[in-house]
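Protein chains in written order, with my numbering: chain A, 1331 to 1457; chain B, 51 to 234.
No residue lacks a Cβ here, since even glycine has one placed at the ideal position from N, Cα and C.
In what follows, a structure is listed as structure tokens, so that the remarks can point back to it.
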């Protein structure tokens, strides 16, 4: 079981993602803003982060950059309603492990979390 | 004004984006949903929205989720839902969970409008930046009044088993419209 931090300002999105993540057997932490996401990522050391992009206080792209700057190495899966190819390319270049589009499907998210955790574990054991 | 062939190209792009929006709505509701072919109007600067032939959203009080965008092309887009249908929409999306109907509408609008505009943006190989989406109870006519001439399109989304209908409106400024059509 992994600890997954869900960062999304939308109550509906947090509920939906929480239900999917918990149904996949993981524990969840919830953040409703970019600032809260950064604080929880630093204090709770989650194994994986689900990050929305369009957030009022701090765009997800900035949050991702700050997290990496703080040394948070947990894989970040961007879950966004922005389906533009340019957004996807930007996020992957900035260090996201995957970009999923809303509404996200259960099996799709479970697979992405599993692959990100496996990839992070492999990278960690190689160090 | 646009020529007939330009209108045809634009209608194709809007049709594809509407199909994506219907797929997203179906996934959100867990019920069948489909998109009607788009209605397209040329609107002069300062004019409001013409009457839709088949949408309840120009006849009944609505709540809208409105976003503005700029970049590859400029304009605004909104999802409008008749207020009488928002409760049913929220119940279907929530599936037994509890959340304010307005919060549900905001996220549904965010997903559908972003998906719709992103699909058009991808089709032209461009890039858009969006403003933060916000809810309004102003009539669609008022929400989409523009200070420049351009095109307004309307795509009707329907989930017949739930009796839910939603309208996606997009207002595109004329200045980059022909570039968009050429790129599409």
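Taking the alpha carbon of residue i as the point to measure from, which residue in the options has its own alpha carbon closest?
i	options	result
residue 114 of chain B	B/178, B/185, B/67 and B/135	B/185
residue 127 of chain B	B/62, B/218 and B/82	B/218
residue 125 of chain B	B/222, B/78 and B/192	B/222
residue 194 of chain B	B/160, B/72 and B/93	B/93
residue 1417 of chain A	B/110, B/95 and B/180	B/180
residue 76 of chain B	B/172, B/192 and B/162	B/162
residue 1439 of chain A	A/1356, A/1403, A/1342 and A/1341	A/1356
residue 1423 of chain A	A/1382, A/1408 and A/1346	A/1408
residue 160 of chain B	B/54, B/177, B/130 and B/112	B/130
residue 175 of chain B	A/1414, A/1452, A/1429 and A/1405	A/1414
residue 1350 of chain A	A/1454, A/1451, A/1435 and A/1456	A/1435
residue 192 of chain B	B/212, B/81 and B/97	B/97
residue 1419 of chain A	B/112, B/135, B/172 and B/111	B/172
residue 1437 of chain A	A/1347, A/1339, A/1338 and A/1340	A/1347
residue 112 of chain B	B/136, B/78, B/164 and B/120	B/136
Taking 8 Å as the cut-off, decide whether the C-beta atoms of residue i and residue j are in contact.
i	j	result
residue 189 of chain B	residue 116 of chain B	no
residue 201 of chain B	residue 60 of chain B	yes
residue 132 of chain B	residue 207 of chain B	no
residue 122 of chain B	residue 234 of chain B	no
residue 95 of chain B	residue 199 of chain B	yes
residue 1362 of chain A	residue 1335 of chain A	no
residue 66 of chain B	residue 197 of chain B	no
residue 1405 of chain A	residue 1372 of chain A	no
residue 1377 of chain A	residue 1332 of chain A	yes
residue 204 of chain B	residue 56 of chain B	no
residue 212 of chain B	residue 79 of chain B	yes
### Task
Pair every Cβ in the region 1379 to 1391 of chain A with every Cβ in the region 126 to 144 of chain B, then say whether three or more of these pairs are closer than 8 Å.
no
### Query
If you measure beta-carbon to beta-carbon, which residues of the region 171 to 197 of chain B are closer than 9 Å to chain A?
171, 172, 175, 176, 177, 178, 180, 182 and 183
### Contiguous alpha helix (DSSP H) assignments of at least 4 residues, all confined to the region 1386 to 1434 of chain A
1390 to 1399 and 1415 to 1423
### Task
At 3 residues or longer, and completely inside the region 144 to 217 of chain B: list those beta strand (DSSP E) runs for me, N to C.
178 to 180, 184 to 186 and 200 to 209
### Residues within the region 56 to 84 of chain B neighbouring chain A, beta-carbon criterion of under 7 Å
74, 77 and 78
### Message
For the region 125 to 154 of chain B, list every residue whose C-beta sits within 8 Å of some C-beta in chain A, in sequence order.
### Response
143, 144, 147, 149, 150, 153 and 154
#### Entry: the region 223 to 233 of chain B / the region 147 to 167 of chain B touching (three or more Cβ pairs under 8 Å)
no
#### Entry: Cβ pair count under 8 Å reaching 3, the region 1397 to 1416 of chain A against the region 1357 to 1374 of chain A
yes
### Query
How do the region 1439 to 1446 of chain A and the region 68 to 76 of chain B stand: do at least 3 beta-carbon pairs fall below 8 Å, yes or no?
no
### Task
Output, in sequence order along the chain, the residues in the region 1382 to 1395 of chain A whose CB is closer than 8 Å to any CB in chain B.
1384 and 1386
### Query
According to a CB-to-CB cut-off of less than 9 Å, which residues of the region 1401 to 1420 of chain A neighbour chain B?
1410, 1411, 1412, 1413, 1414, 1415, 1416 and 1417
### Query
Which ranges does the beta strand (DSSP E) cover as unbroken runs of at least 3 residues, wholly within the region 60 to 126 of chain B, from first to last along the chain?
89 to 93 and 112 to 121
#### Entry: chain B contacts from the region 1335 to 1364 of chain A (Cβ-Cβ distance under 7 Å)
1340, 1341, 1342, 1343 and 1345
### Within the region 1343 to 1378 of chain A, ranges of the beta strand (DSSP E) (whole runs, at least 3 residues)
1357 to 1361
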